[in-house]
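Let me begin by presenting the structure, written as structure tokens, before commenting on it.
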Amino acid sequence: MTGKSDSEQFFRATMRHFAELRESGPLPSSSARPFPKDWFDLPEPFLADFGSLFYLAALTRYHRPRPLYDLFACFEPPLRLGQYKLFRSNGHPRAAITWAGLSPQAEYRFAVDHKPLGPEDWNSGTSHWLVDFIAPFGHLDQIVPLLTQNPDVLRLRTLWHNKPGTRYRIVEWSRASADDRIDIRSYGVGQFKRLLKEQPHGRA
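If you're matching positions, the sequence shown starts at 24 in my numbering and goes up one per residue.
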């Protein structure tokens with residue numbers, strides 16, 4: 024697929040499929056959740072980008088030890104939804120990011136309970152999160168400025184893990200308006216839990 028209309032059609036199909044999976048409800052552990060028809064009919068550009076993400080992940084200390092299925096489950100939803108960006112040098116993948124818009128419930132599970140996002144979580148709300156930041160070759164000078172270019176994003180959060188991946192903090196970039204300076208804050212899990220409770224929506 025090459026045209027914009029094809030991309031939009033693929034996006035709509037993905038949203039329809041995610042809705043079907045949600046509506047199927049919980050199934051016994053002995054049963055496999057059914058896949059919607061044409062779920063595996065993926066366009067070549069999608070598969071190429073999927074491969075690029077796995078290639079980059081295999082080169083980072085944090086992603087390399089993670090199980091294959093864990094990475095698959097983490098990369099598939101943002102690719103299907105178009106919530107990712109690959110950074111290239113001379114046509115070759117060098118870094119990537121994925122992002123999500125989380126509901127209060129999904130945000131709490133992700134940041135406080137440290138649970139992986141489900142497919143339905145990735146665009147469940149308006150809290151913007153940088154989910155994966157994969158940069159084995161550096162390129163931070165290219166990536167970080169891009170985070171400020173969307174004037175509609177006034178706050179962005181991410182989980183920042185230590186090198187072994189055993190501990191993490193929540194990092195938040197925020198600004199009052201698109202023209203204001205960006206403030207950076209870092210929270211421990213307990214601090215962030217209290218912050219969420221103090222927010223207007225609280226925890227559902």
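From the three backbone atoms N, C-alpha and C, an ideal C-beta is built for every residue, glycine too.
One or two residues paired with residue 108 in a DSSP bridge | 120.
In terms of residues, what are the limits of the beta strand (DSSP E) holding residue 194?
-> Counting along the chain, the beta strand (DSSP E) containing residue 194 begins and ends at 191-197.
Could you check if residue 118 is buried or exposed, using at least 16 other CB atoms within 10 Å of its CB as the buried criterion?
-> buried
Residue burial classification, residue 214 (beta-carbon count within 10 angstroms, cutoff 16) | exposed
Using a threshold of 8 Å, state whether the C-beta atoms of residue 216 and residue 135 are closer than that.
-> Contact check for residue 216 against residue 135 passes: the beta carbons are separated by less than 8 Å.
In the structure shown, what three-state DSSP assignment does residue 147 receive?
-> coil
Label residue 151 either buried or exposed according to how many other C-beta atoms from any shown protein chain fall within 10 Å of its C-beta, with 16 as the threshold for buried.
-> With 16 or more other Cβ atoms from the protein chains shown falling within 10 Å of its own Cβ, residue 151 counts as buried.
With DSSP run on the structure shown, which of helix, strand or coil describes residue 210?
-> strand
Stretch-stretch touch, CB-based, cutoff 8 Å, three pairs: the stretch 174-181 with the stretch 196-203 = yes
Within 10 angstroms of its Cβ, does residue 54 collect 16 or more other Cβ (buried), or is it exposed?
-> Note that residue 54 has pLDDT 46, beneath the 50 cutoff, so the model's placement of it is unreliable and the number below is only indicative. The residue is exposed, with fewer than 16 neighbouring Cβ atoms inside 10 Å.
Pull up the CB-CB distance for residue 109 and residue 72, whole angstroms please, since I reckon it's below 8 Å.
-> 6 Å
Report back the beta-carbon spacing between residue 116 and residue 78 to the nearest angstrom; my notes put them in contact at under 8 Å.
-> 6 Å
With 16 other Cβ atoms within 10 Å as the buried cut-off, status of residue 92 | Residue 92 is exposed by the Cβ-count criterion.
Selected residue, minimal CA-CA separation from residue 166, among 218, 121, 137 = 121
Hey, how far is the Cα of residue 114 from the Cα of residue 220?
-> One C-alpha to the other measures close to 45 Å.
Hey, how far is the Cα of residue 70 from the Cα of residue 99?
-> 10 Å
Along the alpha helix (DSSP H) that carries residue 132, what are the first and last residues, could you check?
-> 127-134
To the nearest angstrom, report how far apart residue 218 and residue 157 are at their CA atoms.
-> 27 Å
Return helix, strand or coil for residue 103, following the three-state DSSP convention.
-> helix
Hey, residue 139 and residue 82: beta-carbon distance below 8 Å or not?
-> Taking C-beta atoms as the reference points, residue 139 and residue 82 fail to come closer than 8 Å.
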